[in-house]
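Residue numbers (our numbering): 2 to 544. Below is one structure, written out as structure tokens; the observations come after it.
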């Protein structure tokens with residue numbers, strides 16, 4: 002191939018290359034398909050011969066220094082069913098024409114570091130590897146239904162509008178990463194629905210201007226790496242790591258004959274809305290650790306119906322340390338292994354399912370702050386207390402106090418007291434023997450003061466016992482002319498009620514065992530009356 006002549010087309014081009022050249026000048030699609038699905042499948046085993054082959058250097062020449070468009074036309078590279086031989090290297094180039102490739106097959110890598118595009122669309126293409134660090138597009142980057150054999154690199158890429166990679170399948174590079182997009186910035190949506198990765202999806206420090214959707218995707222970690230590694234991820238609206246509703250005709254590869262060029266087979270209804278007939282639900286699956294530490298999400302993190310298949314032997318985690326979001330929807334399937342870590346997370350509303358949380362040792366909530374609880378389905382208080390216990394293999398008061406505060410603020414004062422009572426019982430387990438015995442006494446008698454009705458009942462019992470005892474005893478008055486008429490009932494009540502004077506106490510001399518009986522009633526009266534007063538104060542404060 003020589004340099005272009007004045008007429009625009011260089012010498013030495015093959016027939017398919019001349020067809021591509023001519024189509025480029027008028028912005029028309031160059032279609033080299035045969036019209037037979039088996040032969041046109043870019044992922045099939047059938048070889049594509051010279052009649053469908055175009056050299057990567059020709060494609061690069063068109064995009065970097067192509068001919069002028071014909072009068073009244075816009076130059077664009079639109080290919081369908083084309084085999085591109087060699088390495089397509091556009092590193093550092095500025096590509097002005099619109100680029101759209103459908104069902105094409107690349108023999109070598111696609112190299113785009115620091116290249117600048119308007120819009121780049123590669124749909125259902127077979128690509129050995131896509132190297133696009135610091136790629137810059139003013140429009141969209143679309144890679145739906147592609148298959149990439151050795152990973153995609155989009156580190157520090159700048160996507161001007163949307164990044165669409167729905168139904169893509171990616172295998173790992175030599176470091177175990179399928180998609181590396183650390184520091185990437187997407188101005189609008191990042192749609193990655195129904196994708197399948199066989200290595201780590203890395204989004205460390207990435208920023209998404211609207212929403213990030215991974216609905217229905219299958220993420221598999223490789224070589225001891227996580228399935229999703231996205232610390233310090235910023236999403237201005239919502240992260241959807243949940244189930245997708247797909248049309249029933251979707252086959253096992255995720256492709257469908259009814260989809261358009263975007264490759265989007267999802268039919269996801271609004272949150273909580275019943276899906277349309279003719280769809281099935283495909284949950285997101287993460288085979289390996291998920292890390293969203295220090296992430297910021299403007300609206301919500303949605304984990305509805307998510308499946309986390311963690312390896313407990315490798316101590317893999319669903320790590321949500323220090324994330325901040327107005328809403329966390331944790332109502333997926335319970336992780337059978339590994340841990341869910343919420344240490345330091347700050348949530349306004351937690352929507353959760355009782356069966357979604359792991360058991361003891363599988364949950365960490367140190368410093369976890371949430372303001373509202375909205376159970377998804379039935380979530381009894383006993384199960385909520387098990388949730389807190391699962392997060393505190395060793396006693397820690399903070400999770401109990403946070404739960405009690407949230408319940409009290411929502412008007413559930415009785416449930417809040419039950420939580421604080423459970424906290425005292427957990428604390429009792431850490432005390433020495435003497436402390437445990439005293440704790441049992443407090444629990445059995447007045448429930449650590451969190452059940453004031455029980456204290457009032459004990460006061461009534463002690464009053465009755467004192468009435469019976471003192472009705473059979475007549476003490477000697479201290480001053481004969483000042484003592485009131487003896488009344489055992491009032492005297493027992495006067496001893497039990499602190500501060501209040503009923504006109505009996507202080508006028509009689511008690512001797513022997515009766516002195517001890519009066520002292521016990523006074524002491525118990527102070528303890529029980531204080532408990533009742535504290536309970537009444539809580540009720541008045543709630544009112």
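For every residue, glycine included, the Cβ atom is placed at its ideal position computed from N, Cα and C. Quick caveat: nothing in here was measured; it's all calculated off a predicted structure.
Under 7 angstroms between C-beta atoms of residue i and residue j
i, j, result
"residue 323", "residue 345", "yes"
"residue 190", "residue 205", "no"
"residue 227", "residue 200", "no"
"residue 487", "residue 475", "yes"
"residue 317", "residue 310", "no"
"residue 298", "residue 326", "yes"
"residue 375", "residue 352", "yes"
"residue 401", "residue 389", "yes"
"residue 169", "residue 202", "no"
"residue 437", "residue 429", "yes"
"residue 196", "residue 218", "yes"
"residue 242", "residue 307", "yes"
"residue 424", "residue 398", "yes"
"residue 300", "residue 239", "yes"
"residue 416", "residue 382", "yes"
"residue 64", "residue 96", "yes"
"residue 511", "residue 519", "yes"
"residue 16", "residue 68", "no"
"residue 149", "residue 128", "yes"
"residue 216", "residue 237", "no"
"residue 282", "residue 244", "yes"
"residue 373", "residue 406", "no"
Residue i - containing beta strand (DSSP E), residue span
i, result
"residue 301", "301-303"
"residue 373", "370-376"
"residue 400", "Where residue 400 is concerned, there is no enclosing beta strand (DSSP E), although the alpha helix (DSSP H) it sits in stretches over 398-410."
"residue 179", "178-181"
"residue 351", "347-353"
"residue 318", "318-320"
"residue 221", "219-221"
Cβ separation of residue i and residue j, assumed to be a contact under 8 angstroms, to the nearest whole Å
i, j, result
"residue 545", "residue 522", "Given that the chain is displayed from residue 2 to residue 544, the structure contains no residue 545 and the question cannot be resolved."
"residue 550", "residue 280", "The structure shown has nothing for residue 550, since the chain only spans 2 to 544."
"residue 89", "residue 111", "5 angstroms"
"residue 355", "residue 331", "That pair is no contact at about 11 angstroms."
"residue 296", "residue 231", "7 angstroms"
"residue 146", "residue 125", "4 angstroms"
"residue 333", "residue 304", "5 angstroms"
"residue 81", "residue 114", "Going by Cβ atoms, the distance from residue 81 to residue 114 rounds to 27 angstroms, so no, they are not a contact pair."
"residue 319", "residue 291", "5 angstroms"
"residue 144", "residue 166", "5 angstroms"
"residue 151", "residue 172", "6 angstroms"
"residue 471", "residue 493", "5 angstroms"
"residue 499", "residue 526", "6 angstroms"
Range of the contiguous alpha helix (DSSP H) that encloses residue i
i, result
"residue 424", "414-429"
"residue 386", "382-391"
"residue 330", "Taken as a continuous stretch (DSSP letters only), residue 330 belongs to no alpha helix (DSSP H), being part of the beta strand (DSSP E) at 325-331."
"residue 193", "Premise fails: residue 193 is in no alpha helix (DSSP H) and is neither H nor E."
"residue 56", "Run containing residue 56: none in the alpha helix (DSSP H); it sits in the beta strand (DSSP E), 54-56."
"residue 12", "Note, residue 12: premise wrong, no alpha helix (DSSP H); not H, not E."
"residue 1", "Only positions 2 to 544 of the chain appear in this structure, which leaves residue 1 out of reach."
Bridge-paired residues (DSSP) for residue i
i, result
"residue 365", "342"
"residue 79", "30 and 101"
"residue 143", "122 and 165"
"residue 280", "248"
"residue 89", "111"
"residue 208", "186 and 235"
"residue 488", "DSSP lists no partner for residue 488."
"residue 213", "191 and 240"
"residue 230", "203 and 292"
"residue 95", "117"
"residue 127", "106 and 148"
"residue 286", "219 and 308"
"residue 137", "117 and 159"
"residue 337", "Per DSSP, none; premise fails for residue 337."
"residue 170", "148 and 197"
"residue 298", "236"
"residue 84", "54 and 106"
"residue 132", "112 and 154"
Contact with chain E by residue i, beta-carbon distance below 7 angstroms
i, result
"residue 407", "Annotation note: the requested chain E is absent from the structure, which comprises a single protein chain."
State whether the stretch 73-91 contacts the stretch 27-36, with contact taken as three or more CB pairs (one from each stretch) at a distance under 8 angstroms.
yes
Is there contact between the stretch 154-164 and the stretch 50-59, where contact requires at least three CB pairs shorter than 8 angstroms?
no
Stretch-stretch touch, CB-based, cutoff 8 angstroms, three pairs: the stretch 351-370 with the stretch 417-431:
no
Please determine if the stretch 98-114 and the stretch 36-54 are in contact, where contact requires at least 3 C-beta pairs separated by less than 8 angstroms.
yes
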